Amino acid sequence: PETISIQELANRMSERSVDVIKFLMQQGQMMKPGDIIEADLAELIASEFGHTVRRVAESDVEEGIFNVEDNVEKLQSRPPVVTIMGHVDHGKTSLLDAIRKTSVVSGESGGITQHIGAYQVEQDGQKITFIDTPGHAAFTAMRARGAEATDIAVLVVAADDSVMPQTIESINHAKSAGVPIIVAINKIDKPGADASKVRTGLLQHEVFVESMGGEVLDVEVSATKGLNLDKLLEAILLQAELLDLKADPERTAEGSVIEAQLDKGRGPVATVLVQTGTLKIGDIVVAGDEWGRVRALINDKGEQIKEAAPSTPVEVLGMQGTPLAGDRMAVVENEGKAREIADYRQRVAREKQVAKNAGQRGSLEQMMS
Ligand code: GTP
Ligand code: MG
Numbered sequence: 191p192e193t194i195s196i197q198e199l200a201n202r203m204s205e206r207s208v209d210v211i212k213f214l215m216q217q218g219q220m221m222k223p224g225d226i227i228e229a230d231l232a233e234l235i236a237s238e239f240g241h242t243v244r245r246v247a248e249s250d251v252e253e254g255i256f257n258v259e260d261n262v263e264k265l266q267s268r269p270p271v272v273t274i275m276g277h278v279d280h281g282k283t284s285l286l287d288a289i290r291k292t293s294v295v296s297g298e299s300g301g302i303t304q305h306i307g308a309y310q311v312e313q314d315g316q317k318i319t320f321i322d323t324p325g326h327a328a329f330t331a332m333r334a335r336g337a338e339a340t341d342i343a344v345l346v347v348a349a350d351d352s353v354m355p356q357t358i359e360s361i362n363h364a365k366s367a368g369v370p371i372i373v374a375i376n377k378i379d380k381p382g383a384d385a386s387k388v389r390t391g392l393l394q395h396e397v398f399v400e401s402m403g404g405e406v407l408d409v410e411v412s413a414t415k416g417l418n419l420d421k422l423l424e425a426i427l428l429q430a431e432l433l434d435l436k437a438d439p440e441r442t443a444e445g446s447v448i449e450a451q452l453d454k455g456r457g458p459v460a461t462v463l464v465q466t467g468t469l470k471i472g473d474i475v476v477a478g479d480e481w482g483r484v485r486a487l488i489n490d491k492g493e494q495i496k497e498a499a500p501s502t503p504v505e506v507l508g509m510q511g512t513p514l515a516g517d518r519m520a521v522v523e524n525e526g527k528a529r530e531i532a533d534y535r536q537r538v539a540r541e542k543q544v545a546k547n548a549g550q551r552g553s554l555e556q557m558m559s
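Numbering-wise (UniProt numbering), the sequence shown opens with residue 191 and increments by one.
What follows is the structure in structure tokens.
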């Protein structure tokens, strides 16, 4: 059943909780601000205090966001979203860097990917969106999120190191997300490189590459020597063609927060992968339990753009708070709706936290007795 604490009810009526408690006392009920009451009682109290009640069920609130369907007649091809995964130091960022021909690796602290970067490149006039993930063991959640927001996983395996723990973990993330894998056997330029060892290593984890009689495309590459990068891109485009990826660019946008941080000068900055629809300046968005009005959109080249089409990674400025990586972002009708959804989600999060703390206290008390 729907419930609310006395304190929360008082807050929402802009009344003092002590007045609510007094009222309840007059009705013969002794309660404290933290006590939880049922919706029916809350409604009664609210009307006694002269408020009109509108119950907001979860389904109502959430429906306000995802009320738009893709228009089948408007569907258009969209670029594939490719996540680069693999064990730490196997060359994910270097590979992406070589593909972009810019220098991301040298800009990172110690050459270790600190966060997910997202970029778009063009091959034969076709766009490909790449998401980089860190290989370090601590970033399991990021790899899982990367796999979920993605169409194709490029599994980078260093030919001098072969299959390692985060290689296996990446395979599992891709498989559980139902995402096809393309294997990039990297560092093929190195003296100790052994591509066939990589292939047999993958075999043990049920990744069957073509030369082993399977269907998984594999390409031997060298990020540093720029070897076979075009072959890798072609394999990606081939795989993408099989997937026949489409989105409706005319509907309101939905996407996924890849990363977000509070920037001193610019305020909250969310890197968002637009997955369907077109995100525009001025759109009112909700992401997780934060909302905002899109003030500026900045593409992966640092340019200001007016709108972002499906599969575009873009920095979104104008959020009121900083959403979390992995949050869904969606455009909503107006500011009122956005606030309502954000408030509702913040309240749910608070209540969950309270319940969790209470649970922990309970178990602590049990431990102590
Ligand atoms: P994390 O993000 O920390 O998981 O690492 P990563 O997979 O992004 O690896 P990164 O691109 O940072 O490369 C790790 C090291 O391998 C760097 O010193 C690169 O110069 C080197 N490296 C990457 N690709 C190649 C390659 O094709 N050949 C050789 N010889 N070295 C490479
Ligand atoms: Mg990296």
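For glycine and all other residues, C-beta sits at the position ideal for the given N, C-alpha and C.
Since the model is a prediction, treat every value here as computed from it, not as a measurement.
Can you look up N376 in the DSSP assignment and give me helix, strand or coil?
Locating residue 376 in the sequence shown gives position 186, counting from the first residue. DSSP places N376 in strand when its eight states are reduced to three.
Quick one: is L507 buried, meaning 16 or more other Cβ sit within 10 Å of its Cβ, or exposed?
Translated into the one-based positions of the sequence shown, residue 507 becomes position 317. Under this definition L507 is a buried residue.
Tell me the start and end of each unbroken alpha helix (DSSP H) in the UniProt region "G-domain" (270-418) that is at least 4 residues and wholly inside, in chain order.
With a minimum length of 4 residues, the continuous alpha helix (DSSP H) runs that stay inside the UniProt region "G-domain" (270-418) are 282-290, 330-338, 355-366, 385-393.
Sorry if obvious, but does the Cβ on D438 come closer than 8 Å to a heavy atom of the ligand MG?
Your numbering for residue 438 matches position 248 in the sequence shown. No, the Cβ of D438 stays beyond 8 Å of every heavy atom of the ligand MG.
Starting from I485 and walking both ways along the alpha helix (DSSP H), at which residues does that stretch end?
Indexing the sequence shown from 1 puts residue 485 at position 295. It should be pointed out that residue 485 corresponds to Arg in this sequence rather than to Ile. Not the alpha helix (DSSP H): R485 falls in the beta strand (DSSP E), residues 480-488.
Is R335 closer than 9 Å to A450 when the C-beta atoms are compared?
As a working note, residue 450 is residue 260 in the sequence shown. As a working note, residue 335 is residue 145 in the sequence shown. Contact flag unset, no.
Tell me the residue span of the alpha helix (DSSP H) that contains M215.
Counting from one through the sequence shown, the residue named residue 215 turns up at place 25. Segment 207-216, the alpha helix (DSSP H) holding M215.
Which residue from L423, I378, I361, A425 puts its Cα closest to that of Q394?
Against the sequence shown, residue 394 aligns to sequence position 204. Comparing Cα-Cα distances from Q394 to each of L423, I378, I361, A425, the minimum goes to I361.
Check whether the Cβ atoms of I194 and M221 sit closer than 9 Å, and answer yes or no.
On the sequence shown, residue 194 is found 4 positions in, with the first residue counted as 1. On the sequence shown, residue 221 is found 31 positions in, with the first residue counted as 1. Not a contact, by the Cβ cut-off of 9 Å.
For the ligand GTP, is there a heavy atom less than 8 Å away from the beta-carbon of T414?
Taking the sequence shown and counting its residues from 1, one reaches residue 414 at position 224. T414: yes, Cβ under 8 Å from the ligand GTP.
Taking C-beta to C-beta, are residue 595 and V447 nearer than 9 Å?
With the chain running from 191 to 559 in the structure shown, residue 595 is simply not present.
Go ahead and pull the three-state DSSP assignment for S195.
Here residue 195 is taken as the residue at index 5 of the sequence shown, counted from 1. Residue state, collapsed to three classes: strand.
Could you check what DSSP says for G254 in three-state terms: helix, strand or coil?
Indexing the sequence shown from 1 puts residue 254 at position 64. Model confidence at G254 stands at a pLDDT of 48, short of 50, so the residue's coordinates are unreliable and nothing is read from them.
Terminal residues of the alpha helix (DSSP H) in which E233 lies
In the sequence shown, counting from the first residue as 1, residue 233 sits at position 43. From DSSP, the alpha helix (DSSP H) with E233 extends over 229-238.
Identity of the residues DSSP links to V522 by a beta bridge:
Counting from one through the sequence shown, the residue named residue 522 turns up at place 332. Answer is I474.
So, at 8 Å on beta carbons, what are the nonlocal neighbours of K317 in its own chain, with the 5 sequence-adjacent residues on each side left out?
One-based indexing of the sequence shown puts residue 317 at position 127. Excluding positions up to five away in sequence, the list reads P269, Q310, V311, S501.
Out of A460, E497, V462, which one is the CA nearest neighbour of E440?
Position 250 of the sequence shown, counted from the first residue, corresponds to residue 440. Answer by Cα proximity: E497.
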